[in-house]
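There are 2 protein chains.
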Amino acid sequence: MNSLRLLVPGRQIALHNSRSLSGIATSEPSHPNVSTAIPGPKSKALKAKMDPIHQTPSVKMFVDYEKSFGNYLVDADGNQLLDVYMQISSLPLGYNHPEMVKCASDPRLITSIVSRPALGSFPRHDFPAMIEKALISVAPKGLTSVQTMLCGTSANENALKTAFIHYQTRKRGGPPRLQDLESCMTQDQPGTPNLSVLSFNGAFHGRSLACLSITRSKPVHKVDIPALDWPIANFPRYMYPLEKHETHNQKQDEQCLGQVEKLIEVRKKEQRDVAAVIVEPIQSEGGDHHGSPNFFKRLQSVCKKHGVVFIVDEVQTGGGPTGSFWAHEQWNLESPPDMVIFSKKMITGGYYFKEELRVNEPYRIYNTWMGDPSKLVVLEKALEVIKRDGLVEKTKNVGENLLAGLQKLEAAYPQQVSNTRGVGTYCAFDLKDAKTRDQLIEACITEGLHIGGCGDASIRFRPALVFDQKHLDLTLEILNKAAKKVF
Amino acid sequence: MNSLRLLVPGRQIALHNSRSLSGIATSEPSHPNVSTAIPGPKSKALKAKMDPIHQTPSVKMFVDYEKSFGNYLVDADGNQLLDVYMQISSLPLGYNHPEMVKCASDPRLITSIVSRPALGSFPRHDFPAMIEKALISVAPKGLTSVQTMLCGTSANENALKTAFIHYQTRKRGGPPRLQDLESCMTQDQPGTPNLSVLSFNGAFHGRSLACLSITRSKPVHKVDIPALDWPIANFPRYMYPLEKHETHNQKQDEQCLGQVEKLIEVRKKEQRDVAAVIVEPIQSEGGDHHGSPNFFKRLQSVCKKHGVVFIVDEVQTGGGPTGSFWAHEQWNLESPPDMVIFSKKMITGGYYFKEELRVNEPYRIYNTWMGDPSKLVVLEKALEVIKRDGLVEKTKNVGENLLAGLQKLEAAYPQQVSNTRGVGTYCAFDLKDAKTRDQLIEACITEGLHIGGCGDASIRFRPALVFDQKHLDLTLEILNKAAKKVF
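Those protein sequences? They're chains A and B, same order as listed.
Here the first sequence is numbered in UniProt numbering, starting from 1 and rising by one per residue.
Here the second sequence is numbered in UniProt numbering, starting from 1 and rising by one per residue.
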């Protein structure tokens, strides 16, 4: 840490003053430092500049990414924020990790960007090696194949397509026949089947039209957009601590699973079969709702029984934040899920799939870019660091302390804070209402802690895998200070 | 050109022997050079290596992107191919353009990759400047705002969402009401409206479920995938040369436009309004079908008359290949299209939109990444080169010679070649059947020319903007040689 400490009235701050020749920061400040309102005057001026040429209504602040480092985001006004939200949980190693920055000199990176391949037809000669070294090295147990895509949404879209193709191929006993190929051009049966995908209340799977049809977390995502008429089951809503509410929680599992099976049976009778069930290990955007290992095991059984593809959407949970590389590892399933979706911390989108889900005909799962090898170059490096430094195990340990700290907060404010929950650093708690939640987020950022909300009235923690005990100590200190102010 | 010329029996070849210290090629071979079958043994071995871990059925060959340069692709077996297909028309300046390669030392590039922003909420402090310098500098006349996305499909998905939001907002006279927000969560009206998008037979707009519903080029894209029931009109099918078939061609326009208007009226009566019409300037994947300026002018009028959003999908035509930066510039529309979609040669996906299409509420047009600023760094440089070197104008001129050369081919083989057509280097011709087309493509690649097919029996030219007269001369030489062999 190469920083200059100054004493200012009432508080010790660290001026962040360590940058490489390229202008990219090389170390973390020791402490947050907020000197303006957030957004500050520079962020506001930039928003005014951007507004006539690009939509801006969701912009919170502008960020100086060259100055940001590790767990600290530096905004356009120079405010240094301890960031436990990390670009919506998408940076595995925080900002400007020095070993990832070194990728700039890897010729594979620049060639992949300047001479970007149409990967489905003309991949790089080292693409098989890149996939093996990056994606296959962390493949969920039992899943040996992967398909890269551009983001979580395109991964989900193509996973659903794969499930439909699989369902129809099995039903026919082979590839499409002439009548399938002909009828699909007018979108008639049998070529355009009336299949559906089952998802859950509270789910978030992306924002394309089909992904919105399986997303049920917030009206703002869905309103005014036409949708596919696909079935929705309830997802468990547990009370915490779990051990105190066993009866309620088990009943939740029963009810939800009963609903899933009934919906599959009804749709089958109506000849609009459910081809796939898609589920998040933890409904994140929807409010950090967890399902029990038992719930997921039995959900998989229901899928197997009815020949339905079982898809686990690990876009937000994947890559280590829950204390295991994949959240579903903690369920001890008898056999792997049929497909596992990833993006965010995995830097590239894509999905792992079981051998029987492989699509054998060319150009069915296809598009121009099919992913981006430049992202694999960076992911390869990130995974190397994650493994070398034991960051998943560390996240598990720091996460236990985070959860304990939040439980203390709940004990101190039982009228305000409830349902403290989490695995790894993937923790959350509920406030009594949205207004209080938003006030608490606001009070935190004023003190230099950048934190995210989710669901109706929850706060979620999504730090990077480089979030250490010292960052946790600061996080809890600021959170308690903010709580004191708001409650 | 720093290459070593050798004399070998029967043919002069150039060994491509010019690479920078980083291992990235810095100059073009003077001539194609094919020494193995394509795919060659190395490509085949790589495919066998990749097959167990990643889907491979569409893979044609593996490419050595570090060795490729300009208009020449070098495959894993060392074959040097003159490439007029250019990664499905997606490389604006061919392979490893030296000025784009220099972007590797731009700190904005590496920071954007390693510390990738959630652009919708926390953009880079220089993002407004990046948008202005890259995307706004080439905005279609009359369109002053842009929204970045990741690819053509995500751009189209979000353009459709924007059209739906616009249509409903205008209908209501304001943002969603409580009943809209509530009903959309169960996908009931009025929150989930029964709106549709009109597209055309032969169209290609991407491969997500919604984009497939407006795509009607080939069964392989659509079969087994459930679809939205949206209306389809015919797109003109002209005969060439245009001046010889005026009556037929005008009748095509009439019939198609009549169908569009009728479909809009019928859907309105059925209370499932058409909110948007989406159309390609040239149906590319579908077989390089052109529409006349008059067709598009009148299509825009029909849209205006019925309050339907007019979307021009320039994913393949945009960025200069037709001899104008945007193909629709050649229509002389009275007012700009409501939205123009781009991707491929534009390096980033996205869409330009009219001011009244702006979505004012936050988180409606949103996702985690919302594009990728690293792509803007590279696009900025590519556009600088395109403007400085007058590459669009040059493409127009070289394109005229390409078209003349193809017309000569048609004149030489009137039984085999028909409907030679094109603007800029965006040229195509038809063969008598798919088999002959595929044989011709095969014969070309054997001689070192990498060319693409489209539609049922067409060949399309999609060279980069650095395709010069010398490359054209070689192209026509090889094409004529291949034709002699096949016909």
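Don't be surprised by glycine CBs; every beta carbon is placed ideally from N, CA and C.
All figures in this text were calculated on a predicted structure; none of them were measured in a lab.
Where residue i falls, given that 16 or more other Cβ within 10 Å makes a residue buried
i: residue 477(A); result: exposed
i: residue 425(A); result: buried
i: residue 373(B); result: buried
i: residue 87(B); result: buried
i: residue 474(A); result: buried
i: residue 414(B); result: exposed
i: residue 390(B); result: exposed
i: residue 76(A); result: buried
i: residue 284(A); result: buried
i: residue 179(A); result: exposed
i: residue 344(B); result: buried
i: residue 463(A); result: buried
i: residue 332(A); result: exposed
i: residue 189(B); result: exposed
i: residue 460(A); result: buried
i: residue 335(A); result: exposed
i: residue 469(A); result: exposed
i: residue 304(A); result: exposed
i: residue 321(B); result: buried
Collapsed DSSP secondary structure at residue i in the structure displayed
i: residue 303(A); result: helix
i: residue 486(B); result: helix
i: residue 412(B); result: helix
i: residue 89(A); result: helix
i: residue 471(A); result: helix
i: residue 151(A); result: coil
i: residue 348(B); result: coil
i: residue 126(B); result: coil
i: residue 421(A); result: strand
i: residue 478(A); result: helix
i: residue 439(A); result: helix
i: residue 54(A); result: strand
i: residue 339(A); result: strand
i: residue 328(A); result: helix
i: residue 311(A); result: strand
i: residue 59(A); result: coil
Neighbourhood of residue i by C-beta, 7 Å cutoff - its chain only, sequence neighbours within 5 removed
i: residue 214(B); result: 197, 199, 203, 205, 230 and 278
i: residue 208(A); result: 153 and 157
i: residue 416(A); result: 431, 432, 436 and 487
i: residue 481(B); result: 447
i: residue 23(B); result: 66
i: residue 396(B); result: 323 and 424
i: residue 485(B); result: 443
Proximal residues to residue i (C-beta, below 6 Å), its chain only, five neighbours per side dropped
i: residue 418(B); result: 430
i: residue 68(B); result: 74 and 95
i: residue 145(B); result: 353
i: residue 488(A); result: Lying before the first or after the last residue shown, residue 488(A) is absent from chain A, which here runs from 1 to 487.
i: residue 399(A); result: 323, 424 and 425
8 Å Cβ shell around residue i - same chain, five flanking residues per side excluded
i: residue 253(A); result: 236, 291, 292, 294, 295 and 298
i: residue 259(A); result: 233 and 234
Assess, as a yes-or-no matter, whether the stretch 27 to 35 of chain A is touched by the stretch 105 to 121 of chain B under the definition of 3 or more beta carbon pairs within less than 8 Å. The stretch 105 to 121 of chain B, when compared against the stretch 27 to 35 of chain A, does not touch it at the 8 Å Cβ threshold.
For the pair the stretch 120 to 138 of chain B and the stretch 284 to 295 of chain B, tell me if three or more CB-CB distances fall below 8 Å. Contact fails: fewer than three Cβ-Cβ distances are below 8 Å.
Is there contact between the stretch 185 to 196 of chain B and the stretch 224 to 241 of chain A, where contact requires at least three CB pairs shorter than 8 Å? The stretch 185 to 196 of chain B is in contact with the stretch 224 to 241 of chain A.
Sequence ranges, alpha helix (DSSP H) only - wholly within the stretch 221 to 309 of chain A, length at least 4: Entirely contained in the stretch 221 to 309 of chain A, the alpha helix (DSSP H) runs reaching 4 residues are, in chain order, 246 to 269 and 293 to 306.
Are the stretch 122 to 131 of chain B and the stretch 47 to 56 of chain A touching by the rule of at least three beta carbon pairs closer than 8 Å? Because the criterion of three Cβ pairs below 8 Å is met, the stretch 122 to 131 of chain B and the stretch 47 to 56 of chain A touch.
Curious, which full-length alpha helix (DSSP H) runs of at least 4 residues does the stretch 143 to 224 of chain B contain? Listed in chain order, the complete alpha helix (DSSP H) runs (minimum 4 residues) inside the stretch 143 to 224 of chain B are 152 to 172, 178 to 183, 209 to 213 and 219 to 222.
Do the stretch 265 to 275 of chain B and the stretch 312 to 327 of chain B touch if we need at least three Cβ pairs shorter than 8 Å? Too few Cβ pairs lie closer than 8 Å, so no.
At least three beta-carbon pairs within less than 8 Å, the stretch 236 to 251 of chain B to the stretch 160 to 178 of chain B: The stretch 236 to 251 of chain B is not in contact with the stretch 160 to 178 of chain B.
Three Cβ pairs or more, each shorter than 8 Å: is that satisfied between the stretch 301 to 313 of chain A and the stretch 106 to 123 of chain A? The stretch 301 to 313 of chain A is not in contact with the stretch 106 to 123 of chain A.
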